[in-house]
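Comments concern the structure below.
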Amino acid sequence: MSVDFTLIEVETIGSTNDECRRRAEEGASHGLVVRADRQTKGRGRRGRTWDSPFGNLYCSLLLRPESSLQSASVLGFIAATALGNSIEPLLPSDRVLQHKWPNDILIDGGKVAGFLMEAETDSAGRPQWIVLGMGVNIANHPGNTPYPATDLTAMGVGIISSRSLLQNFLAAFSPLYEEWQESGFSAIAERWLKRAAGLGEKIEVKLDSGSLFGRFLSLDSDGALMLELPSAEIRRISAGDVFFPAQRLRIAQ
Ligand code: BTN
4 MSVDFTLIEV
14 ETIGSTNDEC
24 RRRAEEGASH
34 GLVVRADRQT
44 KGRGRRGRTW
54 DSPFGNLYCS
64 LLLRPESSLQ
74 SASVLGFIAA
84 TALGNSIEPL
94 LPSDRVLQHK
104 WPNDILIDGG
114 KVAGFLMEAE
124 TDSAGRPQWI
134 VLGMGVNIAN
144 HPGNTPYPAT
154 DLTAMGVGII
164 SSRSLLQNFL
174 AAFSPLYEEW
184 QESGFSAIAE
194 RWLKRAAGLG
204 EKIEVKLDSG
214 SLFGRFLSLD
224 SDGALMLELP
234 SAEIRRISAG
244 DVFFPAQRLR
254 IAQ
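Residues in the sequence shown are numbered consecutively from 4, following our numbering.
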């Protein structure tokens with residue numbers, strides 16, 4: 004199934020994810036996109052809030068893939084790869100764009116974008132709907148975050164409207180979505196890994212139950228992070244926050 008996008012734009016909303024979900028439950032079609040200029044209740048991963056003043060991109064995409072929820076868990080990586088492909092050509096050549104597990108985009112180590120994926124399944128565990136929310140810091144970024152943040156303007160990207168950036172993203176996402184449906188995740192995972200921050204290096208992964216330290220080996224076929232612990236045991240991690248040792252030092256200073 005390809006994606007025919009239908010765009011709904013509003014000035015102010017609580018959360019585009021909540022609005023997209025409401026419309027999904029009312030029967031809206033695969034490919035609905037909700038974009039807002041500002042959110043008053045923007046949500047991030049792991050129960051965090053997402054600061055959403057005017058000037059940035061806030062949007063949510065409704066998808067109804069014919070796959071299990073487990074295989075659809077890679078959609079965040081597909082979307083992050085598409086967003087990276089849309090932003091990279093806009094950057095000055097000395098800036099470095101990276102993916103940070105699971106679905107963040109970093110430029111020169113600062114977070115510029117994140118994704119929040121939410122889903123409802125039927126009794127057989129198949130997704131009835133998936134809402135993929137995306138926030139991109141274009142003109143401003145929050146100061147008080149657990150991880151350094153930045154924005155496209157600060158990184159030297161010329162003026163780009165949230166609407167144009169969204170159009171670029173959708174144009175990049177559509178072929179990757181089709182590739183995933185036809186050929187699976189592995190070739191896209193290779194491209195995600197080429198830009199992965201901390202790959203092969205020692206990282207910290209914060210889980211609900213505490214932190215794990217180890218070497219970031221790879222992604223598995225569902226996008227889980229494969230971490231080699233100092234004991235040589237390999238752990239598969241499906242939810243958590245990654246930190247790089249240098250950042251911990253900077254935060255501690
Ligand atoms: C993260 O924590 O990195 C994910 C942030 C996702 C934010 C976007 S903004 C548009 C959509 N609506 C929300 O409430 N959240 C997502």
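For every residue, glycine included, the Cβ atom is placed at its ideal position computed from N, Cα and C.
| query | residue 241 to residue 174, Cα distance in whole Å? | reply | 28 Å
| request: Check the DSSP bridge columns for residue 52 and list the partner residues they point to. | output: 46
| message | Taking the straight line between their C-alpha atoms, what separation do you get for residue 190 and residue 84? | response | 11 Å
| query | Per DSSP, residue 237 is paired with what? | reply | 231
| contact_flag[the stretch 228-240, the stretch 203-217] where n(CB pairs < 8 Å) is 3 or more | yes
| said: Looking at ligand 1, does it come within less than 6 Å of residue 241, judged from the CB to the closest heavy atom? | reply: no
| C-alpha distance - residue 159 paired with residue 32, whole-angstrom precision | 37 Å
| message | At the level of alpha carbons, what is the spacing between residue 134 and residue 125? | response | 15 Å
| said: Out of 151, 103, 10, 89, which one is the CA nearest neighbour of residue 113? | reply: For residue 113, the nearest C-alpha among the options comes from 151.
| Spatial neighbours of residue 13 in its chain, beta-carbon cut-off 7 Å, leaving aside the 5 residues before and after | 39
| From residue 94 to residue 87, what distance separates their C-alpha atoms? | 11 Å
| Per DSSP, what kind of secondary structure is residue 92 in: helix, strand or coil? | Secondary structure at residue 92: helix, using DSSP grouped into helix, strand and coil.
| task | Taking only beta-carbon positions, decide if residue 177 is within less than 7 Å of chain C. | result | In the structure shown, chain C cannot be found, because there is only a single protein chain.
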